[in-house]
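Student: The opening position of the sequence shown corresponds to residue 1 in UniProt numbering, with each subsequent residue numbered one higher. Yeah, the Cβ is synthetic: ideal placement off N, Cα and C, and Gly gets one too. All figures in this text were calculated on a predicted structure; none of them were measured in a lab. Right, I'll just put the structure down here and ask away after.
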Amino acid sequence: MTTQSNNKPQANIWYKNYMVLIFVIGLPVFVVIVCLYFIYFSIKIQDSTVRDDWYMDGKTLYQDASRDKMSYDLGLAGVMRLNTQGDETQVSFELRYPDDSLSSGKLRDGSPLTYPDTLAVRISHATDDSKDRDFTLNHTQANLYQGTVKLDPDAGKYYLQVGNDGAHNWRLVQTEKLPAQNVVFYPLSSFKESQTTLPDQRDKRINKTN
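Given below as structure tokens:
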């Protein structure tokens, strides 16, 4: 009597099944690798905090808008022109007072109209503080200021600030994608909206005596 051998080769070996390799082994391994990459990215390449005017009151952090309010009250505006030559960028800035101040020779707070000797410029990258630049513009003639700076050549979103730290402590801010040739600065419109007078609606109140 003869017996048949039970050592038959298996029809489907798991490690030769592409469905097992892809979905059971491949996908979990891929997810683990991606998670490890994002953990490394979040630790080593963190977004930097945007620079601005902040102050602490106890344990609460507030944004100081007094310099923005000053530029709005004085009616200031300006135009920055950037001319890149090689590694350096020539920066010129035209400080513009309102027409009523130019005609009267006085600022809107009654003080004499003068041009500061220097203006401080801060150019802050939206996410990478290694690309931030601080420099000074010098008054050359009339309302013109000039200076030089080395900007990062890569395009990106930047927060630009031009300010005066003198008797009138003001600043003008703008958001722009650099490189650019011209950047226009206006006072923040939010102060105008905050001073809007609401219409008188007393005649529309419900008369409770009826």
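#1: If you follow the alpha helix (DSSP H) that lysine 69 is in, where does it begin and where does it stop?
#2: Valine 20 to isoleucine 33, Cα distance in whole Å?
#3: Would tryptophan 170 and methionine 70 be called neighbours here (beta carbons separated by less than 7 Å)?
#4: For valine 184, which option in Thr114, Lys106 and Leu82 has the closest C-alpha, if you only look at C-alpha atoms?
#5: Measure how close the beta-carbons of leucine 188 and aspartate 68 come, nearest whole angstrom, since I'm counting them as under 8 Å.
#6: In chain order, what residues of the same chain lie with their CB nearer than 8 Å to the CB of aspartate 57, ignoring the 5 residues before and after it?
#7: Can you name, in chain order, every residue of its own chain whose Cβ lies under 8 Å from the Cβ of leucine 107, other than the five neighbours on each side?
#8: Going by beta carbon distance, what residues of the same chain come within less than 7 Å of glutamate 94, once the five residues before and after it are set aside?
#9: How big is the Cα-Cα spacing for threonine 148 and glycine 86?
#10: Tell me glutamine 141's beta-bridge partners as DSSP assigns them.
#11: Count the other C-beta atoms from every protein chain shown that fall within 10 angstroms of the C-beta of leucine 36, then say buried if there are 16 or more, exposed otherwise.
Tutor: In short:
#1: 66–74
#2: 19 Å
#3: yes
#4: Leu82
#5: 5 Å
#6: Interpretation of aspartate 57 is limited by its pLDDT of 46, a score under 50 that renders its predicted location unreliable; the figure taken from the coordinates is listed afterwards. For aspartate 57, where only same-chain residues beyond five positions count, there are no Cβ hits under 8 Å.
#7: Leu74, Tyr97, Ser101, Leu113 and His168
#8: Gly78, Val79, Asn143 and Leu144
#9: 12 Å
#10: Leu144
#11: exposed
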